[in-house]
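Before any comments, here is the structure.
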Amino acid sequence: MHLIGESKVYINAGGDETDPDAPVIPRDKATELEGAVHIEEKGTLYLGLNGAASSWKGGTEENAKGKVNLFLLNGATWDTSNGGRGSKITNLSSHTGTEGHIRQNDAGKLHIENYAGRQKLFYTHTGDGTSSGDYAAGDTHIERAAAGSKITMVTENTGNIDTQNEEQVQKALNALAGKLYYEEAAGGIKNLKGEAMIAEGLTGSSAAMGEIVFNPADRGQGNIKSRGPLAFDRQIADNDWQTGNLVEEDWGKTEYSDGKSHYTFKQDVALQTEAATGNAFE
Numbered sequence: 136m137h138l139i140g141e142s143k144v145y146i147n148a149g150g151d152e153t154d155p156d157a158p159v160i161p162r163d164k165a166t167e168l169e170g171a172v173h174i175e176e177k178g179t180l181y182l183g184l185n186g187a188a189s190s191w192k193g194g195t196e197e198n199a200k201g202k203v204n205l206f207l208l209n210g211a212t213w214d215t216s217n218g219g220r221g222s223k224i225t226n227l228s229s230h231t232g233t234e235g236h237i238r239q240n241d242a243g244k245l246h247i248e249n250y251a252g253r254q255k256l257f258y259t260h261t262g263d264g265t266s267s268g269d270y271a272a273g274d275t276h277i278e279r280a281a282a283g284s285k286i287t288m289v290t291e292n293t294g295n296i297d298t299q300n301e302e303q304v305q306k307a308l309n310a311l312a313g314k315l316y317y318e319e320a321a322g323g324i325k326n327l328k329g330e331a332m333i334a335e336g337l338t339g340s341s342a343a344m345g346e347i348v349f350n351p352a353d354r355g356q357g358n359i360k361s362r363g364p365l366a367f368d369r370q371i372a373d374n375d376w377q378t379g380n381l382v383e384e385d386w387g388k389t390e391y392s393d394g395k396s397h398y399t400f401k402q403d404v405a406l407q408t409e410a411a412t413g414n415a416f417e
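Per my numbering, residue 136 is the first one in the sequence shown, and the count goes up by one each step.
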């Protein structure tokens with residue numbers, strides 16, 4: 136599809152014909168679109184994908200000049216596959232409906248200028264999903280979000296993630312969360328809430344989930360929120376208190392400790408430095 140000059144195109148979207156100032160909203164017709172959309176600088180597209188029978192496979196370009204307003208709601212799907220060109224969306228909204236499904240399958244960056252409502256954002260992975268390199272699709276960047284917005288990042292467990300292995304699960308969730316950037320978080324704005332989820336089986340039920348926080352020091356990159364303070368009032372690093380089983384089952388199991396107060400870290404590890412009423416480590 137090519138929009139030339141100052142063209143305005145409405146696909147399953149429109150306003151009140153009796154009121155030229157009425158906002159454009161999505162309609163409820165099943166809509167299927169396949170292929171790339173090319174829009175010149177003054178062109179505008181309004182695309183409404185409403186319901187599970189509606190879908191778009193394709194995208195724009197990462198540096199698209201025109202305006203693309205996408206309504207994605209009530210289980211409609213957008214597969215971003217676009218030959219590695221990425222996509223840029225001016226406004227993405229679920230309007231008054233439930234979440235839509237974005238399947239980020241393109242190697243290019245997905246750039247959303249304005250986000251409102253809620254969506255599920257799917258990434259596939261190779262390996263056990265614990266490394267950022269296991270997620271081949273491009274990063275997703277959201278510049279701004281309306282207050283109360285939410286996004287749920289999802290990767291589907293194809294059998295390579297051991298959901299009984301808590302360490303592996305946390306690494307996979309963190310690698311998934313790292314594909315998302317919420318840019319205005321760098322300025323302290325917190326309009327967007329995020330979750331990362333490992334989905335299990337045909338039902339897509341959650342096998343594991345973590346809350347996403349956005350790092351203002353790194354352009355709002357997502358990572359999994361660490362757990363709260365430890366519920367102990369003394370250090371637990373050494374086996375000299377009532378936490379001996381913790382040392383044996385955790386530190387020893389992961390081979391961080393030799394059982395003689397010596398600790399060796401050969402991979403990334405998060406150390407909780409505050410306990411409930413004192414220092415976790417001294």
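Glycine included, every Cβ here is placed at the ideal spot set by N, Cα and C. Quantities reported herein were computed from a predicted structural model and do not represent experimental measurements.
Residue i: first and last residue of the uninterrupted alpha helix (DSSP H) it sits in
| i | result |
| --- | --- |
| Ala307 | Glu301 to Ala312 |
Inter-residue spacing [alpha-carbon to alpha-carbon] between residue i and residue j
| i | j | result |
| --- | --- | --- |
| Ala312 | Ala188 | 28 angstroms |
| Asp151 | Pro351 | 41 angstroms |
| Asp263 | Asp269 | 8 angstroms |
| Gly296 | Val304 | For the record, residue 296 in the displayed sequence is Ile; it is not Gly. Distance between the alpha carbons of Ile296 and Val304 is about 7 angstroms. |
First through last residue of the beta strand (DSSP E) which encompasses residue i
| i | result |
| --- | --- |
| Asn358 | Gln356 to Ile359 |
| Tyr316 | Leu315 to Tyr317 |
| Glu291 | Ser284 to Glu291 |
| Ser331 | A small correction: the amino acid at residue 331 is Ala; Ser does not occupy that position in the sequence shown. Counting along the chain, the beta strand (DSSP E) containing Ala331 begins and ends at Leu327 to Glu335. |
| Lys143 | Lys143 to Ile146 |
| His236 | Gly235 to Arg238 |
| Asn249 | Leu245 to Ala251 |
| Thr275 | Thr275 to Ala280 |
Min CB distance residue i to chain C below 7 angstroms
| i | result |
| --- | --- |
| Ile237 | Judged by its chain identifiers, the structure shown contains no chain C, having just a single protein chain. |
6 angstroms Cβ shell around residue i - same chain, five flanking residues per side excluded
| i | result |
| --- | --- |
| Thr427 | Nothing about residue 427 can be read from this structure; the chain reaches only from 136 to 417. |
| Glu234 | Arg253, Gln254 and Lys255 |
| Gly232 | Leu208 and Asn209 |
| Glu248 | Thr225 and Glu278 |
Nearest-angstrom beta carbon gap, residue j and residue i [assumed within contact, 8 angstroms]
| i | j | result |
| --- | --- | --- |
| Thr265 | Glu330 | In fact, because the Cβ distance is near 18 angstroms, the residues do not count as touching under 8 angstroms. |
| His236 | Leu208 | Between Leu208 and His236 the Cβ distance is about 10 angstroms, and since that is not below 8 angstroms, they are no contact. |
| Gly170 | Gly221 | The Cβ separation is near 15 angstroms, so there is no contact. |
| Leu245 | Thr215 | 6 angstroms |
Cβ-based neighbour list, residue i, same chain, cut-off 7 angstroms, excluding 5 preceding and 5 following
| i | result |
| --- | --- |
| Asn309 | Asn358 and Ile359 |
| Ala321 | Pro351, Arg354 and Gly355 |
| Leu337 | The predicted model places Leu337 with a pLDDT of 49, which falls under 50 and marks its position as unreliable; any figure quoted below should be read in that light. None. |
Residue i Cβ short of 6 angstroms to the ligand MN heavy atom set
| i | result |
| --- | --- |
| Glu167 | The ligand MN is absent from the structure shown, which contains no ligand whatsoever. |
Taking only runs that begin and end inside the stretch 160-226, name each unbroken beta strand (DSSP E) of 3 or more residues, in chain order. Here the runs fully enclosed are 167-169, 179-185, 190-192, 202-208 and 212-214.
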